[in-house]
Amino acid sequence: MVAVKRFHLIFPEDFQERICNKKKRMSANGTDNSSSKKPPSPSPLRFSKFFQSNMRILVTGGAGFIGSHLVDKLMENEKNEVIVADNYFTGTKENLKKWIGHPRFELIRHDVTEPLLVEVDRIYHLACPASPIFYKYNPVKTIKTNVIGTLNMLGLAKRVGARILLTSTSEVYGDPLEHPQKESYWGNVNPIGVRSCYDEGKRVAETLMFDYHRQHGIEIRIARIFNTYGPRMNIDDGRVVSNFIAQALRNEPLTVQLPGTQTRSFCYVSDMVDGLIRLMEGENTGPINIGNPGEFTMIELAEAVKENPEVKISMVENTPDDPRQRKPDITKAKELLGWEPKVKLRDGLPLMEEDFRLRLGVPRS
Ligand SMILES: O=C(O)[C@H]1O[C@H](OP(=O)(O)OP(=O)(O)OC[C@H]2O[C@@H](n3ccc(=O)[nH]c3=O)[C@H](O)[C@@H]2O)[C@H](O)[C@@H](O)[C@@H]1O
1 MVAVKRFHLI FPEDFQERIC NKKKRMSANG TDNSSSKKPP SPSPLRFSKF FQSNMRILVT
61 GGAGFIGSHL VDKLMENEKN EVIVADNYFT GTKENLKKWI GHPRFELIRH DVTEPLLVEV
121 DRIYHLACPA SPIFYKYNPV KTIKTNVIGT LNMLGLAKRV GARILLTSTS EVYGDPLEHP
181 QKESYWGNVN PIGVRSCYDE GKRVAETLMF DYHRQHGIEI RIARIFNTYG PRMNIDDGRV
241 VSNFIAQALR NEPLTVQLPG TQTRSFCYVS DMVDGLIRLM EGENTGPINI GNPGEFTMIE
301 LAEAVKENPE VKISMVENTP DDPRQRKPDI TKAKELLGWE PKVKLRDGLP LMEEDFRLRL
361 GVPRS
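This is the structure:
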């Protein structure tokens, strides 16, 4: 909470003006009905008299892969002021280095399992490791992040009258018995498996979002994110696209986990960010699937990544409860958000490969 102390400067007129501006914005777009139920409690948190943003946005997990791309997009709008809270478990300051020192940007080392108090209009709640090897590393911490972290962010949304978006996951469908997955599908999740800290954690997070919405009138948005790839993924993230690209660049065999016929649908990160912003600024609570419906087996993905015929594919053991198929039905996203992905896998992979090549220091041959 040390980082929050700097917000405790009191500028009463400025705070009044901010609340007035916020009310005007709400009545103009007619969407923020949470405030009609529970007005934001006035807390004197304005920190600068000199910069007037229209929208102050908190991004939890904003130093991570998707989070940092989201921050880039939000910062493009000069009316936005962005605050990132991240504990750097999987995120890095490196991902945000171009914004550090910018007057509309702030970075707080903060773990969402602890409460946070900042005066914001929007909360994008992304914080949680998403790669299976990372979320399974400390499962108790993962479930705390999803449950206590989401409770803390909902508490903040309630207190300051902010709209909150949760990045949930395709993992709420578990090993799906319905294909492709619609939002109406309740899923097939093992509640006591090694992935449960994440998938059941996200399911509870969704429950909390709807309970706060129904009980306290909080404005919520839920995105169910499907597999996402792109520049800035951790090189040793452990997920399949980053593994295959790093292995190909290092001339190592691509490790296809058995049986290799399991499928995933891969969304390029810029499409993902566009979908999240549309969802946040639209009228629907969700849940809404955000993902690319192009479906590939892991063998097909390996073939697409390895250009060099010298690079081999090695079949290796899989991990428990790995979903056998996954593909989003994005009818809702198309109809309600006017969103669909633009970047095809064959166009996105080279962009990610270029980023990995630079970071690994592998010259173009
Ligand atoms: O990429 C994501 O966005 C998703 O990553 C994980 O879900 P998962 O689909 O299991 O992601 P991966 O670890 O990338 O695995 C995908 C498939 O690739 C296979 N795989 C993985 C790694 C590898 O080296 N080789 C390989 O064949 C796995 O067996 C699995 O079938 C997370 O659990 C999701 O929440 C997250 O949305």
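Residues in the sequence shown are numbered consecutively from 1, following UniProt numbering. Beta carbons are placed, not taken as given, at the ideal position from N, Cα and C, and that holds for glycine.
Neighbourhood of A63 by C-beta distance below 8 Å, restricted to the same chain and skipping five residues each side: V84, D86, Y88, G91, T92, K93, N95, L96, L107
With distances taken from CA atoms, which of V256, H213, R195, I148 is nearest F296? V256
For F296, which residues does DSSP report across the bridge? R264
Bridge partners - L107, DSSP secondary structure assignment: V84
If you run the structure through DSSP and keep just helix, strand and coil, what is L165? strand
Opening and closing residue of the beta strand (DSSP E) in which Y124 lies: 122-125
Spatially closest choice to K327 from A130, E354, Q262, S68, by CA coordinates: Q262
Do you know how far the Cα of R239 is from the Cα of F266? 12 Å
Within the stretch 302-341, note down every full alpha helix (DSSP H) run reaching 4 residues or more, in order along the chain. 331-337
Does the Cβ of T319 have 16 or more other Cβ atoms within 10 Å, making it buried, or fewer, making it exposed? exposed
Measuring straight from C-alpha to C-alpha, what distance separates F105 and I123? 15 Å
Looking at A205 and G275, is the spacing between their C-beta atoms short of 8 Å? no
Select from K79, E76, T150, I133 the residue whose C-alpha is nearest the C-alpha of D111. T150
Strand pairing of N289, partner residues [DSSP]: R224
In DSSP terms, what M55 is bridged to: N80
Please classify residue 419: does DSSP put it in a helix, a strand, or coil? Coverage of the chain is limited to positions 1 through 365, which leaves residue 419 absent and any answer about it impossible.
Is the beta carbon of F210 within less than 7 Å of some heavy atom of ligand 1? no
As assigned by DSSP and simplified to three states, the class of G155: helix
T60 at chain D interface by Cβ criterion, 8 Å: Going by chain labels, chain D is absent from the structure shown, which holds only one protein chain.
My output table needs one value for G201: the three-state DSSP class, helix, strand or coil. helix
DSSP state of N95 mapped onto helix, strand, coil: helix
Closer than 7 Å: is that where the CB of G238 sits relative to any heavy atom of ligand 1? yes
Report yes if the C-beta distance between H125 and T167 is below 8 Å; otherwise report no. yes
When you compare the CB positions of P341 and N292, do they come within less than 8 Å of one another, or not? yes
What does DSSP give as the partner residues of L254 in its beta bridges? I313
Could you check whether the Cβ of V311 sits closer than 7 Å to any heavy atom belonging to ligand 1? no
Is the distance from the Cβ of D199 to the Cβ of A162 below 8 Å? no
Assuming V273 and L70 form a contact by the criterion Cβ under 8 Å, report the distance between their Cβ atoms to the nearest whole angstrom. 5 Å
Mapping the DSSP letters down to three states, classify Y229 as helix, strand or coil. strand
Quick check on T150: does DSSP put it in helix, strand or coil? helix
Counted within 10 angstroms of its Cβ, other Cβ atoms place P103 as buried (16 or more) or exposed: exposed
So, for V147: in the same chain, excluding its five sequence neighbours on each side, which residues have a beta-carbon less than 8 Å away from its beta-carbon? G201, V204, A205, L208
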